[in-house]
Amino acid sequence: MFRMTLIILLAGAALAQTTAPAPTATPGPAIAKTSKQPTLQGEPRLRYICKQLDLTPQQKEQAESLIAVYAATIAAASDKDQMLAVLREIQVLSQELQEAKKAGDEARIKELNKRLREATPGLQAEDEFMSGLRGMLTDEQKPILATTLERLERDPHVQLKPVDVIRVATDLKLDAKQQETLDMLTREFRAETARAGGDNSAMVEDFANKIRGMLTPEQAAQFDKRIEKLRPPAAQPSVQRTPHVTTRPAGEAQPPGAAPPGK
């Protein structure tokens, strides 16, 4: 697993060097900064993406099948000799990419970027997952997917942030008393984070729970739904899964002579 992570990071770093914009100064957040979480990658990243899309039960089943195929692909690529060979290939391609950049050869850069993604099991498996996911989404869900991917490009450290908690609460059309309570809780949170030199996930969760306590049942239900999307996905159990392949779209007639379901 460590070698696989190293391979993905090396390839990702090489690809990022050709696309990353120059850093620019950005204004600091209104609340003390949140400690950085590990970069979201692999299966947790895929589950987070799916969580943003409000998938139907049928889509969730299809997504689970795609995730199972992804996990199987990663497991199959974990052979030591194969991984070392992949690592050597990525190193060669990365060197060629640097030379192409120095020469300003845009066509060569594009070709090497493509070969780097194809050579990296994790990136290739994610590309295949994304292709399958896009194919099952509605026209309303596709822009949400694009926005989610753009957000992950900008900040791959997925975590519940205090500014997001405040934004969700503010969107709930609070009455005057609720707004006064929100302002008070925000001041208390800022004071607490100032004393602690920053916040952590437990402090942000406590902040969210306090805000939830001032909401009506209807507001709390909306609050919970939106906050849950902002949380990183829970750890999944490490179990051996067999990909389930749907060979016939839902609602399509059974082939002639086939037994009906459940028989």
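With the working numbering, the residue at position 42 of the sequence shown is 487, and numbering never jumps.
Backbone N, C-alpha and C define an ideal beta-carbon position, used for all residues, glycine too.
Simplified DSSP state of aspartate 499, which is helix, strand or coil
The count along the sequence shown starts at 1 and reaches residue 499 at position 54. DSSP places aspartate 499 in coil when its eight states are reduced to three.
Which class does aspartate 644 belong to by DSSP, given the choice of helix, strand or coil?
Against the sequence shown, residue 644 aligns to sequence position 199. Residue state, collapsed to three classes: strand.
Let me know the secondary structure DSSP gives glutamate 488 once reduced to three states.
For the purposes of this step, residue 488 is taken as residue 43 along the sequence shown, with counting starting at 1. Correct three-state label for glutamate 488: helix.
Rounded to whole angstroms, what's the CA-CA distance from serine 576 to alanine 548? Just pull it up for me.
Position 131 of the sequence shown, counting from 1, holds the residue named residue 576. Position 103 of the sequence shown, counting from 1, holds the residue named residue 548. Each residue's Cα considered, the two are about 33 Å apart.
Boundaries (first-last residue) of the alpha helix (DSSP H) holding threonine 587:
In the sequence shown, residue 587 corresponds to position 142, counting from 1. What sits at residue 587 in the sequence shown is lysine, not threonine. Its alpha helix (DSSP H) spans residues 586-599.
Hey, is glutamine 536 close to the ligand MG, as in C-beta under 7 Å from one of its heavy atoms?
With respect to the ligand MG, the structure offers nothing, as it holds no ligand at all.
Can threonine 638 and methionine 629 be called in contact, C-beta distance under 8 Å?
Reading the sequence shown from its first residue, position 193 is the one you call residue 638. Reading the sequence shown from its first residue, position 184 is the one you call residue 629. No; because the gap between Cβ atoms is not below 8 Å, this pair is not in contact.
Supposed contact pair methionine 659 and threonine 626 - C-beta distance, whole angstroms, cut 8 Å
Here residue 626 corresponds to residue number 181 of the sequence shown, with the count starting at 1. Here residue 659 corresponds to residue number 214 of the sequence shown, with the count starting at 1. That pair is a contact at about 5 Å.
Cα-Cα separation between glutamate 573 and threonine 593, rounded to whole angstroms:
Translated into positions along the sequence shown, residue 573 becomes position 128. Translated into positions along the sequence shown, residue 593 becomes position 148. Distance between the alpha carbons of glutamate 573 and threonine 593 is about 17 Å.
Starting from lysine 670 and walking both ways along the alpha helix (DSSP H), at which residues does that stretch end?
Residue numbering aside, residue 670 sits at position 225 when the sequence shown is read from its first letter. Per DSSP, lysine 670 belongs to the alpha helix (DSSP H) from 662-675.
Rounded to a whole number of angstroms, what is the C-alpha to C-alpha distance between leucine 590 and leucine 511?
Working through the sequence shown from its first residue, we reach residue 590 at position 145. Working through the sequence shown from its first residue, we reach residue 511 at position 66. When rounded, the distance between both Cα atoms is 16 Å.
If you draw a straight line from the alpha carbon of leucine 485 to that of leucine 491, how long is it in whole angstroms?
In the sequence shown, the residue the question calls residue 485 occupies position 40. In the sequence shown, the residue the question calls residue 491 occupies position 46. Put simply, the backbone Cα of leucine 485 is about 9 Å away from that of leucine 491.
Which two residues bound the contiguous alpha helix (DSSP H) that contains valine 613?
Sequence index remark: in the sequence shown, residue 613 carries index 168 (1-based). Where valine 613 is concerned, the enclosing alpha helix (DSSP H) stretches over 607-615.
Option nearest arginine 596 by Cα separation, candidates Leu675, Pro502, Ala516, Arg579
Looking up residue 596 in the sequence shown gives position 151. For arginine 596, the closest C-alpha among the options Leu675, Pro502, Ala516, Arg579 is that of Leu675.
Reference aspartate 620, options Thr661, Lys496, Asn558, closest by Cα:
As a first step, residue 620 is located in the sequence shown; it is residue number 175 there, counting from the start. The candidate whose alpha carbon is nearest that of aspartate 620 is Thr661.
Restricting to Cα atoms, I'd like to know which of Glu541, Gly567, Asp550, Val537 is closest to valine 514.
Mapped onto the sequence shown, residue 514 falls at position 69. Cα-wise, what sits closest to valine 514 is Gly567.
Quick check on glycine 549: does DSSP put it in helix, strand or coil?
Within the sequence shown, the letter at position 104 stands for residue 549. Three-state DSSP puts glycine 549 in coil, outside helix and strand.
Buried versus exposed call for glutamine 507 [16 or more other C-beta atoms within 10 Å across all chains shown]:
On the sequence shown, residue 507 is found 62 positions in, with the first residue counted as 1. The residue is buried, with at least 16 neighbouring Cβ atoms inside 10 Å.
What is the DSSP secondary structure of alanine 577, counted as helix, strand or coil?
By one-based count along the sequence shown, residue 577 stands at place 132. Inspection of the sequence shows that residue 577 is occupied by glycine rather than by alanine. Correct three-state label for glycine 577: helix.
Which of helix, strand or coil DSSP assigns to leucine 582:
Counting from one through the sequence shown, the residue named residue 582 turns up at place 137. Coil.
What does a CB cutoff of less than 7 Å around arginine 553 pick up in its chain, not counting 5 residues either side in sequence?
The count along the sequence shown starts at 1 and reaches residue 553 at position 108. Contacts found: Ala545.
How long is the line joining the alpha carbons of isoleucine 535 and glutamate 556, rounded to whole angstroms?
Translated into the one-based positions of the sequence shown, residue 535 becomes position 90. Translated into the one-based positions of the sequence shown, residue 556 becomes position 111. Rounded to whole angstroms, isoleucine 535 and glutamate 556 show a C-alpha spacing of 14 Å.
By the three-class DSSP mapping on this structure, what secondary structure does methionine 659 have?
The count along the sequence shown starts at 1 and reaches residue 659 at position 214. Residue state, collapsed to three classes: coil.
Determine the DSSP secondary structure at lysine 622, reduced to helix, strand or coil.
Locating residue 622 in the sequence shown gives position 177, counting from the first residue. Lysine 622 falls in the helix class under three-state DSSP.
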